[in-house]
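Student:
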Amino acid sequence: MSNKQRKSRRKAFRLWFSKRSSRADASHLSEISDNDDQDDECMDGLFVRSMERAPCNLNNELRIFVGTWNVAGRSPVGSLAEDLDEWLNLKEAADIYVLGFQEIVPLKTKTVIGAEDPTEATNWNVLIGKTLNSKYGGAWLTPMVNPITSYKYDGAAESDSRLSDYEIATSPRGQSRTEYEPSDHVGSYKLMASKKMVGVFISVWLRRALLKKYCVSEVKVSSVACGIMGYLGNKGSVCASMSIGGTSFCFVAAHLASGEKKGDEGKRNHQVSEIFRRTSFPRVLPEDRHKNHPLTILGHDQIFWFGDLNYRLYLEDNLARELIKKEDWSALQEFDQLGKELEDGGVFQGWKEGNIEFAPTYKYSSSNCNRYSGGLPSKAGEKQRTPAWCDRILWYGKGVKQLSYFRSESKFSDHRPVSALFSVLVEDQKRAHSSLVPSPPFSPLHNS
89 MSNKQRKSRR KAFRLWFSKR SSRADASHLS EISDNDDQDD ECMDGLFVRS
139 MERAPCNLNN ELRIFVGTWN VAGRSPVGSL AEDLDEWLNL KEAADIYVLG
189 FQEIVPLKTK TVIGAEDPTE ATNWNVLIGK TLNSKYGGAW LTPMVNPITS
239 YKYDGAAESD SRLSDYEIAT SPRGQSRTEY EPSDHVGSYK LMASKKMVGV
289 FISVWLRRAL LKKYCVSEVK VSSVACGIMG YLGNKGSVCA SMSIGGTSFC
339 FVAAHLASGE KKGDEGKRNH QVSEIFRRTS FPRVLPEDRH KNHPLTILGH
389 DQIFWFGDLN YRLYLEDNLA RELIKKEDWS ALQEFDQLGK ELEDGGVFQG
439 WKEGNIEFAP TYKYSSSNCN RYSGGLPSKA GEKQRTPAWC DRILWYGKGV
489 KQLSYFRSES KFSDHRPVSA LFSVLVEDQK RAHSSLVPSP PFSPLHNS
């Protein structure tokens with residue numbers, strides 16, 4: 089092979105490789121030299137060796153919307169769509185929507201002790217799907233609420249025309265998976281995980297474009313009941329775990345012990361500890377045994393904990409209401425139980441919460457009401473409750489930045505929905521699927 093042919097071949101190779109690895113580290117390409125002494129054997133093996141290197145790690149920014157809402161046992165209705173639109177803040181669409189609900193069913197003996205009924209969770213998923221996807225003019229998928237237990241979702245499958253629009257993956261034998269009713273079109277967002285435990289419910293939606301850009305894998309769900317007698321599901325958590333690229337995420341939707349008596353915060357702290365201790369994401373498939381996906385909440389790279397955490401104020405009712413009238417949120421936060429616990433290390437050590445610049449979210453007198461329950465003069469039969477920030481969103485991990493923290497004004501229940509928008513960095517790990525990589529389809533490389 090002449091020197092001219094060698095140079096032409098190398099030039100074509102560099103062009104092809106730069107296109108295939110346009111987002112790769114430039115140091116990979118620096119090994120390709122125009123040195124004429126480099127023999128053909130070395131040149132021919134360069135492409136294979138470069139693909140066998142350690143994965144290329146790239147930080148990519150995603151936006152995650154996290155929301156929590158105690159809906160007080162009420163079923164979703166058609167008129168709620170406008171409230172959802174305001175809550176989901178669709179003027180600034182996110183890449184991922186993670187929604188946690190509490191009390192999607194009334195916390196009565198029958199619902200706490202009886203068998204799980206997926207009806208209300210399905211109804212909420214349908215409404216969320218409509219709301220997220222209608223803005224983009226796409227059809228939406230009707231999800232059945234069986235939780236995803238474990239699967240790997242690769243962008244290649246997303247573009248495979250042989251897969252139905254509603255098919256996600258095949259579950260391990262004997263385990264449930266999320267299924268979808270067939271649809272003629274595909275919406276902009278796809279339901280990735282859904283889990284219900286009595287009234288606590290989580291719903292995770294990803295922008296479908298992410299499934300083509302990243303490998304979304306190890307999607308698992310878990311629940312911990314720590315209510316009555318420490319093991320009933322009127323209180324507790326449901327979690328969703330997944331990996332996006334090379335970053336692992338855990339989303340924890342929780343409903344903790346109620347009560348504003350002195351010492352009740354200790355019950356909540358204990359339940360937080362129980363949820364940390366008892367939540368697990370076991371490896372259920374034989375091929376999972378050698379994977380590094382986290383088995384516990386704290387094993388994840390980025391963690392979001394949200395819900396009706398029920399922490400109250402160390403403040404008399406009339407003084408709390410006076411500060412609320414003045415909208416003096418910084419003064420009111422001085423008496424916030426959860427803030428004190430975070431500061432003193434009693435719970436959530438090392439975790440973060442954004443600055444609260446909105447009114448307490450609980451307890452309103454009733455649905456369709458803008459007045460806090462109780463106070464003077466009080467109405468007959470109305471519960472006396474000191475307003476508090478019961479509904480909260482916390483996070484833990486590197487590469488997470490909170491962009492906003494706000495409440496919405498839906499009067500659907502006696503709680504107001506709370507949301508946060510985050511910017512997160514995802515490590516994009518691309519590995520070779522084989523040690524043998526076919527030659528680039530450029531004619532100079534085939535002409536020796």
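Using this note's numbering, the letters of the sequence shown correspond one by one to residues 89 to 536.
Ideal Cβ positions, reconstructed from N, Cα and C, are used throughout, including at glycine.
Have a look at C303 and E149 and give me their C-alpha separation to the nearest angstrom.
Tutor: Between the alpha carbons of C303 and E149 lies a gap of roughly 15 Å.
Student: Give the secondary structure of R151 by DSSP, where H, G and I count as helix, E and B as strand, and everything else as coil.
Tutor: strand
Student: So who's on the other strand from M285, going by DSSP bridges?
Tutor: V288
Student: Can you find the residues in the same chain that come closer than 6 Å, C-beta to C-beta, to G427, ignoring five residues on each side of it along the sequence?
Tutor: Q421
Student: Output the distance between the C-alpha atoms of S271 and N213, rounded to the nearest integer angstrom.
Tutor: Only weak support is given to the placement of S271: the predicted model assigns it a pLDDT of 40, under 50, and the value that follows is read from those uncertain coordinates. Cα-Cα distance, rounded: 15 Å.
Student: Evaluate D128 with the Cβ neighbour count: other Cβ atoms within 10 Å of its Cβ, from every protein chain shown; 16 or more gives buried, anything less gives exposed.
Tutor: Because the pLDDT at D128 is just 42, under 50, the model does not fix this residue reliably, and the value given afterwards should be weighed accordingly. Looking at its Cβ environment, which holds fewer than 16 other Cβ atoms inside 10 Å, D128 is exposed.
Student: Output the boundary residues of the beta strand (DSSP E) element that contains I385.
Tutor: Premise fails: I385 is in no beta strand (DSSP E) and is neither H nor E.
Student: Does DSSP classify Q425 as helix, strand or coil?
Tutor: helix
Student: Sorted by chain position, which residues of the same chain lie with C-beta nearer than 6 Å to S496's C-beta, five sequence neighbours on each side aside?
Tutor: Excluding positions up to five away in sequence, the list reads E174, W175, P505.
Student: Which term fits N322, buried or exposed, when burial requires 16 or more other beta carbons within 10 angstroms of its beta carbon?
Tutor: buried
Student: Classify M285: buried if its beta carbon has 16 or more other beta carbons within 10 angstroms, exposed otherwise.
Tutor: So M285 ends up on the buried side.
Student: Could you tell me whether the Cβ atoms of S501 and V159 are closer together than 7 Å?
Tutor: yes
Student: Using DSSP's beta-bridge definition, name the partner residues of M330.
Tutor: DSSP, once it has assigned bridges, lists F337 as partnering M330.
Student: What beta strand (DSSP E) runs, 3 residues minimum, are completely inside the stretch 446-503?
Tutor: As far as the stretch 446-503 is concerned, its whole beta strand (DSSP E) runs of at least 3 residues are 479-484, 488-495.
Student: Can you give the Cα-Cα distance for G166 and W293, rounded to whole angstroms?
Tutor: 21 Å
Student: When the distance is taken between beta carbons, is V288 closer than 7 Å to V340?
Tutor: Against a cut-off of 7 Å, the Cβ pair of V288 and V340 comes out as no contact.
Student: Is it buried or exposed for I201, if we count other Cβ within 10 angstroms and need 16 for buried?
Tutor: exposed
Student: Between the C-alpha atoms of A281 and A328, what's the straight-line distance to the nearest angstrom?
Tutor: 7 Å
Student: Cα separation between H381 and T449?
Tutor: Distance between H381 and T449, taken at the CA atoms: about 36 Å.
Student: Kindly identify the DSSP beta-bridge partner or partners of S507.
Tutor: According to DSSP, which records beta bridges pairwise, S507 is partnered with G155, F494.
Student: Kindly list the residues whose CB is nearer than 6 Å to the CB of R141, restricted to its own chain and excluding five residues on each side of it in sequence; keep chain order.
Tutor: Its pLDDT being 35, under 50, R141 is placed unreliably by the model, and the measurement read from it follows with that caveat. For R141, where only same-chain residues beyond five positions count, there are no Cβ hits under 6 Å.
Student: Using C-beta distances below 6 Å, list every residue in its chain close to Y402, excluding the 5 sequence neighbours before and after it, in chain order.
Tutor: F423
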